[in-house]
Amino acid sequence: MNAPQSPAALPPPPPTPTLAMIATLGLVAAICGLLIVTAYEGSLPAVKENRRIALERAVASVLPGARKTVSYLALPDGSVVAGGAEGAPAGARPFQAAYDASGALMGIAAEGAAKGYADTVRIMFGYKPACQCVVGFALVSSRETPGIGDKIVKDAAFLKNFEALDARLAPDMKALANAITTVKHGTKTQPWQIDAISGATVTSRAVGRGIDEAAQALLPRIVPKLEQIGRAP
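Residue numbers for the sequence shown follow my numbering, so the first one is 92 and each next one is one higher.
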């Protein structure tokens, strides 16, 4: 009967195929990466088309009757060039120029955002040069409390604020003549004020801040260029 071998007498374990393992993991990673890129590239046209449709619907909501929209960028140096938000240079402000059936400019649509009760409230608003006023807004995204925060798109009295919200520029054309502000429900006295919704004041104020911040930055760049964008290209 043979005696059991001591540990020292046991044959050494085979070497771990380190290079083979690394090569296998690298191959798996490369395949996964290729699949992700392929899926992304394959879905990109659909994603872009959905964004385009959503944008057109938002513009149609704030500027009813628009037949054509063109994307522009208002640059920090005061120039306005054709182009969308994707790949825009730092400091550029994207906006949509909306044209009627004859090709004449009927208004400008732009996005604004501000912190609400639960998260950032993103909106789009319409501006008409003829009255120098905001004539409507639409909700782009929000996580406000259902039944409270969503009143901003359901409350008829609140929406009435945006039939002709004063957004005139000051004589020096560098800012609004009067900041757009949201006031306590029932205390509105000026055409540039927004009468808040009772019980949804925080969200109401987010709408006002979003419009004011965007208008203060965008309109001084756009208004001097209205002749340039006055006809549909």
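Think of the CB as a built atom: it goes at the ideal place given N, C-alpha and C, for glycine as much as any other residue.
From what residue to what residue does the alpha helix (DSSP H) around residue i run?
{"i": "Leu310", "result": "292-313"}
Spatial neighbours of residue i within its chain, please: C-beta separation below 8 Å, excluding the five flanking residues on both sides.
{"i": "Gly194", "result": "Lys159, Arg322, Ala323"}
{"i": "Leu256", "result": "Cys224, Val225, Val226, Ile271, Pro282, Trp283, Ile285, Ile302"}
{"i": "Leu267", "result": "Ala258, Arg259, Leu260, Ala261, Trp283, Asp303, Ala306, Gln307, Leu310"}
{"i": "Arg213", "result": "Glu202, Gly203, Ala204, Leu230, Val231, Ser232, Ser233, Gly301"}
{"i": "Ala173", "result": "Val161, Ser162, Tyr163, Leu164, Pro324"}
{"i": "Asp191", "result": "Gly156, Ala157, Arg158, Met197"}
Skipping 5 residues on each side, what residues in its chain have a beta carbon closer than 7 Å to that of residue i?
{"i": "Cys222", "result": "Ala255"}
{"i": "Tyr208", "result": "Glu235, Thr236, Gly240, Val293, Thr294"}
{"i": "Glu147", "result": "Thr160"}
{"i": "Gly175", "result": "Ser162, Pro185"}
{"i": "Val244", "result": "Leu230"}
{"i": "His276", "result": "Asp286, Ala287, Ile288, Ser289"}
Assuming residue i contacts residue j under a Cβ cut-off of 8 Å, what Cβ separation, rounded to an integer in Å, is found between them?
{"i": "Gln187", "j": "Ser162", "result": "6 Å"}
{"i": "Val153", "j": "Ala205", "result": "Going by Cβ atoms, the distance from Val153 to Ala205 rounds to 17 Å, so no, they are not a contact pair."}
{"i": "Ala405", "j": "Ala157", "result": "In this structure the chain extends from 92 to 324, so residue 405 is not present and cannot be described."}
{"i": "Ala149", "j": "Val231", "result": "7 Å"}
{"i": "Lys242", "j": "Phe253", "result": "Not confirmed; about 14 Å, so no contact."}
{"i": "Asp246", "j": "Ile288", "result": "5 Å"}
{"i": "Gly299", "j": "Thr273", "result": "3 Å"}
Quick check on residue i: does DSSP put it in helix, strand or coil?
{"i": "Ser162", "result": "strand"}
{"i": "Arg148", "result": "helix"}
{"i": "Leu250", "result": "helix"}
{"i": "Gly117", "result": "helix"}
{"i": "Thr272", "result": "strand"}
{"i": "Leu230", "result": "strand"}
{"i": "Ile285", "result": "strand"}
{"i": "Leu125", "result": "helix"}
Between residue i and the rest of its own chain, which residues show a CB-CB distance below 6 Å, the 5 nearest in sequence each way excluded?
{"i": "Ile239", "result": "Ala291"}
{"i": "Lys219", "result": "Gly198, Val226"}
{"i": "Asn269", "result": "Trp283"}
{"i": "Gly217", "result": "Val153, Leu154, Gly198, Ala200, Val226, Gly227"}
{"i": "Ala121", "result": "none"}
Between which two residues does the beta strand (DSSP E) containing residue i stretch?
{"i": "Ile243", "result": "From DSSP, Ile243 is part of no beta strand (DSSP E); its letter is neither H nor E."}
{"i": "Ile57", "result": "Nothing about residue 57 can be reported from this structure: the residues present for the chain run from 92 to 324 only."}
Restricting to runs no shorter than 3 residues, where is the beta strand (DSSP E) found entirely within the region 160-226? Whole beta strand (DSSP E) segments, 3+ residues: 171-173, 184-190, 196-206, 211-219.
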